[in-house]
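Converting from the sequence shown to the numbering used here requires adding 5 to each position, the first position being numbered 1. Reviewing the structure listed below.
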Amino acid sequence: MTAELSRIRNFSIIAHIDHGKSTLADRLIQQTGGLQAREMTEQVLDNMDIERERGITIKSQTVRLDYKASDGLDYVLNLMDTPGHVDFAYEVSRSLAACEGALLVVDASQGVEAQTLANVYQSIEHDHEIVPVINKIDLPAAEPERVKAQIEEVIGLDTANAVLASAKSGIGIPEVLEAIVKYIPAPKGDRDAPLKAMLVDSWYDPYLGVVILVRVIDGVLRKGQQITMMQAGTQHLVDRVGVFRPKIEIVGDLGPGEVGFITAQIKEVAQTNVGDTITETKRPTAQPLPGFKEVQPVVFCGLFPTDAADFEKLRESLGKLRLNDASFSFEMETSAALGFGFRCGFLGLLHLEIVQERLTREYDLDLITTAPSVVYKIFKNDGSMIELHNPADMPDPVYIEHIEEPWIEAVIYCPDEYLGSILKLCQDRRGIQKNLTSVAGRAQVTYELPLNEVVFDFYDRLKSISRGYASFDYHQTGYREGDLVRMTILVNGELVDALSMVVHRSQSEARGRHMCERMKDLIPRHLFKIPIQAAIGGRVIARETIAAMRKDVTAKCYGGDISRKRKLLDKQKEGKKRMRQYGSVDIPQEAFIAALRMGDEG
């Protein structure tokens with residue numbers, strides 16, 4: 006049942022967060038009869054609970070739709086729903102590589118935003134035909150004509166073929182389908198050539214093993230074929246070939262231009278590299294596909310179980326999560342304060358939050374997360390270079406020649422009225438302004454910023470000062486030298502390694518003072534006074550003291566000579582001094598969690 010090449014359309018839906026990608030996908034599935042009305046749910050393709058709750062797409066999803074166009078012909082539409090969030094940009098790039106065109110969804114009231122731009126440029130790089138869809142035209146604040154003009158001015162796309170629609174109420178959906186057939190080109194491919202297919206995605210299914218999503222470029226992929234993964238160099242036997250409509254449907258074979266899935270008794274997702282070329286073992290293709298660049302973790306943090314007995318459970322759970330998310334990495338580490346745990350690498354803060362939430366929810370784990378940090382490059386005096394993932398591992402400054410930190414180029418979109426406070430925020434975070442333009446009441450600012458200033462709470466601060474109207478997108482631009490130091494926190498003279506962080510020297514004092522004040526509020530009072538200090542090397546830069554709890558030892562003295570009271574007080578003082586030497590400070594777990602949450606930093 007292989008479809009004819011000229012009647013296949015492979016397209017993805019790209020947009021900024023919340024502009025209505027998943028809802029539009031729902032309507033297209035409904036309109037083409039992919040699911041009956043009783044089977045429809047909100048966001049059909051978002052199959053994780055967490056995606057539904059947060060209303061965001063995390064994994065790209067694919068669905069095959071049959072459509073009878075106005076010209077009377079039957080078409081096969083392969084739709085890829087993609088995430089809109091910057092942390093999942095690699096998901097978008099994979100989906101785009103498997104398509105010939107894209108629907109660019111823009112909110113009729115919000116207009117073009119940062120992520121819209123980022124995804125459009127990715128799409129243009131893949132040489133796609135782009136069809137603009139102005140969504141949410143039934144909103145009271147909708148201004149479709151203004152948004153059309155904005156798309157032409159900002160992106161430079163012709164909007165003559167733009168479709169006005171409302172995915173929620175179903176307005177303009179037939180026109181969207183017609184536009185897909187009319188404007189998006191059919192795929193090219195040769196059915197008789199050796200098999201060449203792109204591995205677009207893979208995930209673990211408890212019943213089927215590893216499921217591989219493929220886009221066939223040339224040749225035919227069928228059951229019983231012996232295939233080779235060219236990059237991994239492994240061989241497998243195909244035992245199932247199918248498509249998603251969105252329910253699984255087993256088919257005989259997949260021809261050129263088609264998107265579907267195969268299973269081949271593979272046990273681990275790690276064996277399937279995204280972007281790999283699949284070919285037939287007996288008759289291999291000469292040239293593999295260019296593939297994707299490796300996903301590099303950007304943010305690192307430690308995950309520790311609150312109960313040390315859960316360590317093995319955490320190891321197992323991380324292993325299972327990794328089955329479905331190859332972009333996340335972990336290795337074991339130990340901490341004096343928190344015990345055994347794992348150092349994990351993520352693509353960004355949202356990715357970190359999602360992984361943490363999935364561990365808590367799906368695997369019932371209680372976790373402590375250390376302060377997120379980025380990867381620093383440390384150049385030593387002997388000419389060697391090491392990568393630093395954990396601030397606690399930083400070598401002695403005597404051996405360091407210089408330290409380099411990662412920088413990003415950030416594009417911020419916001420209404421003009423919030424521009425002043427956004428510029429101040431970027432300035433405070435050591436930003437360098439590159440560009441500033443304003444079109445029709447909306448400003449676009451380009452800044453270069455150090456990544457470690459962004460990973461803490463930059464996004465939250467940006468959202469709060471712009472009342473949620475600013476949008477933000479970034480990409481890494483490389484490493485630069487910086488005056489960076491390691492700040493350590495001492496409680497009662499003892500180092501708390503979990504609270505160590507790398508900061509810029511100019512901001513170390515403010516950060517240290519803030520951390521000490523915070524710990525003072527969080528650690529309960531003991532019977533002796535506890536100093537909390539922030540230090541750089543041997544120099545203390547901030548200090549707070551938690552006062553001791555006092556028992557009234559003079560309560561039994563009624564009047565009499567003052568020397569009796571003095572004697573009792575001196576005895577108490579001696580006891581406290583001795584207690585401070587031998588007493589250990591009990592830092593509750595909540596104190597760690599709260600101290601590491603830098604979100605409400607002023």
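Backbone N, C-alpha and C define an ideal beta-carbon position, used for all residues, glycine too. Small disclaimer: the values here were computed from a predicted structure and weren't measured.
Boundaries (first-last residue) of the beta strand (DSSP E) holding residue i
i	result
Lys382	381–385
Tyr484	476–487
Glu150	Note, Glu150: premise wrong, no beta strand (DSSP E); alpha helix (DSSP H) at 149–155.
Glu608	In this structure the chain extends from 6 to 607, so residue 608 is not present and cannot be described.
Ile189	Element bounds for Ile189: n/a, residue is neither H nor E.
Gly265	264–268
Arg245	245–249
Beta-bridge pairing of residue i - partner residues as DSSP gives them
i	result
Asp112	Asn140
Cys349	Cys306, Phe335
Ala202	Val221, Ile283
Asn83	Asn15, Arg69
Ser171	Ile176
Met234	Thr239, Ile283
Asp1	Residue 1 lies beyond the residue range present for the chain, which begins at 6 and ends at 607; the question has no answer from this structure.
Ser340	Gly344
Gly106	Phe16, Glu134
Val215	Tyr209
Ser443	Ala448
Val496	Glu499, Ile537
Val459	According to DSSP, Val459 bridges with nothing at all.
Arg491	Val507
Glu549	Ile537
Residue i CB to nearest heavy atom of the ligand GTP below 7 angstroms
i	result
Ile135	No copy of the ligand GTP occurs in the structure displayed, which carries no ligand at all.
Boundaries of the alpha helix (DSSP H) in which residue i is found, first to last residue
i	result
Pro455	Premise fails: Pro455 lies in the beta strand (DSSP E), 447–455, not in any alpha helix (DSSP H).
Arg32	26–36
Glu118	Run containing Glu118: none; DSSP gives neither H nor E here.
Leu467	463–470
For residue j and residue i, believed in contact at Cβ under 8 angstroms, the rounded distance
i	j	result
Leu200	Asn278	Incorrect: roughly 18 angstroms between the Cβ atoms, too far for contact.
Thr164	His21	Contact doesn't hold; Cβ gap of about 17 angstroms is too wide.
Met492	Ile541	6 angstroms
Leu308	Asp258	About 44 angstroms; that fails the 8 angstroms criterion.
Leu370	Pro310	6 angstroms
Ser539	Gly517	Looking at the sequence itself, residue 539 is Ala, so the reference to Ser does not match. About 3 angstroms separates the two Cβ atoms, so the contact holds.
Asn83	Asn15	5 angstroms
Leu364	Ser322	6 angstroms
Leu430	Leu372	Rounded, the Cβ-Cβ distance is 30 angstroms, inconsistent with contact.
Leu354	Pro377	7 angstroms
Ile537	Met554	The Cβ separation is near 16 angstroms, so there is no contact.
Arg569	Cys562	6 angstroms
His241	Asn140	Contact doesn't hold; Cβ gap of about 41 angstroms is too wide.
Val111	Ile156	6 angstroms
Ser340	Ala503	5 angstroms
Asn497	Ile535	5 angstroms
Thr268	Gly214	6 angstroms
His131	Leu101	5 angstroms
Met85	Ser17	4 angstroms
Ala415	Leu357	With 8 angstroms as the limit, Ala415 and Leu357 do not qualify as a contact, their Cβ atoms being about 18 angstroms apart.
### Query
Which ranges would you report for the beta strand (DSSP E) in the stretch 498–547 if only whole runs of at least 3 residues count?
Considered as a whole, the stretch 498–547 harbours 506–509, 535–541 as its complete beta strand (DSSP E) runs of no fewer than 3 residues, in chain order.
### Query
Unbroken alpha helix (DSSP H) runs of length 4 or more, entirely within the stretch 361–438: which are they?
Taken in chain order, the unbroken stretches of alpha helix (DSSP H) that lie wholly in the stretch 361–438 and span 4 residues or more are 424–433.
### Message
Whether or not the stretch 380–397 and the stretch 472–482 are in contact is what I'm after, with contact meaning three or more pairs of Cβ atoms, one per stretch, closer than 8 angstroms; do they touch?
### Response
Pairwise C-beta distances place the stretch 472–482 out of contact with the stretch 380–397, as fewer than three of them are shorter than 8 angstroms.
#### Entry: Cβ contact check for the stretch 414–432 and the stretch 452–472: 3 or more pairs under 8 angstroms
Result yes; three or more Cβ-Cβ pairs closer than 8 angstroms.
### Message
Quick check: the stretch 372–390 against the stretch 403–411, are at least 3 beta-carbon pairs closer than 8 angstroms?
### Response
Counting Cβ pairs under 8 angstroms, three or more are found: they touch.
### Query
Any contact of the stretch 226–241 with the stretch 280–294, i.e. 3+ C-beta pairs under 8 angstroms?
At 8 angstroms Cβ cutoff, the stretches touch.
### Message
Counting beta carbon pairs with one atom in the stretch 182–202 and one in the stretch 144–164, are three or more of them shorter than 8 angstroms?
### Response
For the pair of segments examined, the stretch 144–164 was found not to touch the stretch 182–202: the number of CB pairs separated by less than 8 angstroms stays below three.
### Message
I want to know whether the stretch 240–259 touches the stretch 189–198 - three or more CB-CB distances under 8 angstroms.
### Response
The stretch 189–198 and the stretch 240–259 do not touch, with fewer than three beta-carbon pairs separated by less than 8 angstroms.
### Query
Touching or not, the stretch 208–223 and the stretch 68–78, by the rule of three or more beta carbon pairs under 8 angstroms?
No: fewer than three Cβ pairs fall under 8 angstroms.
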